[in-house]
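Asks:
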Amino acid sequence: MRSVYGEYRGPTGVSASVSNKTEGLEDLRSAVDAVSDKLGRRLKFLVGKPGLDGHSNGAEQIAVRARDCGMDITYDGIRLTPEEIVTAALEQDAHVVGLSILSGSHVPLVEDLMDRMREAGLGHVPVIVGGIIPEEDAKRLKGFGVARVYTPKDFELNTIMKDIVALVDPKAVAAE
C-alpha cells in the first residue's frame, strides 16, 4: 500500500520553542549543560513510537520536557519502524533513544530494534522504553539491553530526565 499510495505522516511532533512553563528545571538544565559540555555538543535524545500504536501523548510529554531541559530532541511522530528509528539514531548521532509503546507489542519491537542497534554499531547507546509493560516483560526488555523501563507509575518527568542525563554521564547526577 505504501509503495502505491505513499505514507501518511500525521501531524505529531514537538516544536523547537521552549515552553513558558519551565520553572523548577534549573538544576536539570545545568546537568544537561554540563553533560553537553563534556560531550562537545548538545545531548541528543531521539524519541520514537515504533509499531502501529497511535497514542502519542506520553512520547510528546517526554519530548517536550527533554526539550525544556535543554536537550536536543527529535520526535518524528507515530508508527515508525525499528529500522527507521535506528537509521535516525545513526544519522543524528543520538546519545539516548527513547521508545514509547502502548500497543502491547513491546517485546518483538524492542528485540528487533536492539538487534538493529547492535548491527549498526549503536550497542553503546542507551535505550529507554515507556508504556504499559508488565514486570516480567520489563525484565525481558532489560535482557535485550534496554537501560530503563518506565510504566504509568513512573509519571515524574523530572526523575526520568535525571535518569537520561545519568545514562549519558553517570557522574552528572551522582552528587544529588
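Residue numbers (UniProt numbering): 1 to 176. Note that the Cβ used here is the ideal one computed from N, Cα and C, for glycine as well. Values in this document were obtained by computation on a predicted structure and should not be read as measured data.
Can you tell me which of R41, I164, M1, P134 puts its alpha carbon nearest to the alpha carbon of P152?
Replies: Of R41, I164, M1, P134, the residue nearest in Cα terms is P134.
Asks: What is the DSSP secondary structure of L43, reduced to helix, strand or coil?
Replies: Looking at L43 - three-state DSSP - the assignment turns out to be coil, as it is neither helix nor strand.
Asks: Between E26 and the ligand ZN, is the CB less than 7 Å from at least one heavy atom?
Replies: Looking at this structure, you won't find the ligand ZN or any other ligand, since it has none at all.
Asks: Quick one, are the C-beta atoms of R79 and I73 less than 8 Å apart?
Replies: No.
Asks: Put Y108 into one of helix, strand or coil per three-state DSSP.
Replies: Sequence check: residue 108 is Pro here, not Tyr. Reduced to three states, the DSSP call for P108 is helix.
Asks: Going straight from the alpha carbon of H131 to that of S105, what length do you get?
Replies: Reading off the sequence, residue 131 comes out as Gly, not His. Whole-angstrom Cα-Cα distance: 10 Å.
Asks: Here's the rule: buried if 16 or more other CB atoms are within 10 angstroms of the residue's CB, otherwise exposed. What is E176?
Replies: For E176, the predicted structure reports a pLDDT of 44, less than 50, and the residue's modelled location is therefore unreliable. The matter cannot be settled from this model.
Asks: Buried or exposed for D37, please, with buried defined as at least 16 other CB atoms from any protein chain shown within 10 angstroms of its CB.
Replies: Exposed, because fewer than 16 other Cβ atoms sit within 10 Å of the Cβ of D37.
Asks: Spatial neighbours of L157 within its chain, please: CB distance less than 8 Å, with the 5 preceding and 5 following residues excluded, ordered by chain position.
Replies: Counting only Cβ-Cβ distances below 8 Å, and skipping sequence neighbours, we find Q61, I62, R65.
Asks: Quick check on this structure: which residue in K162, D33, G54 has the alpha carbon closest to the alpha carbon of L102?
Replies: It is G54.
Asks: Using CA coordinates, which residue listed in S3, V168, F155, R140 is at the minimum distance from A94?
Replies: Residue V168 is the option with its Cα nearest to A94.
Asks: Would you tell me roughly how many angstroms separate the C-alpha atoms of K142 and E136, rounded to the nearest one?
Replies: Using only the alpha carbons, I get a separation of about 10 Å.
Asks: Got a sec, what are the start and stop residues for the beta strand (DSSP E) D100 sits in?
Replies: Per the sequence shown, residue 100 should be read as Ser rather than Asp. S100 -> beta strand (DSSP E) spans 96-101.
Asks: With 16 as the cutoff for other CB atoms within 10 Å, does H75 come out buried or exposed?
Replies: Rather than His, the amino acid found at residue 75 in this sequence is Tyr. Result: buried.
Asks: Which residues in the same chain as Q92 place their Cβ atom closer than 7 Å to its Cβ, once the five residues preceding and following it in sequence are excluded?
Replies: K44, L46, T74, listed in sequence order.
Asks: Using the three-state DSSP reduction, which class does D137 fall into: helix, strand or coil?
Replies: Here D137 sits in helix by DSSP.
Asks: Should S56 go down as buried or exposed, given a rule of 16 or more other Cβ atoms within 10 Å for buried?
Replies: It counts as buried.
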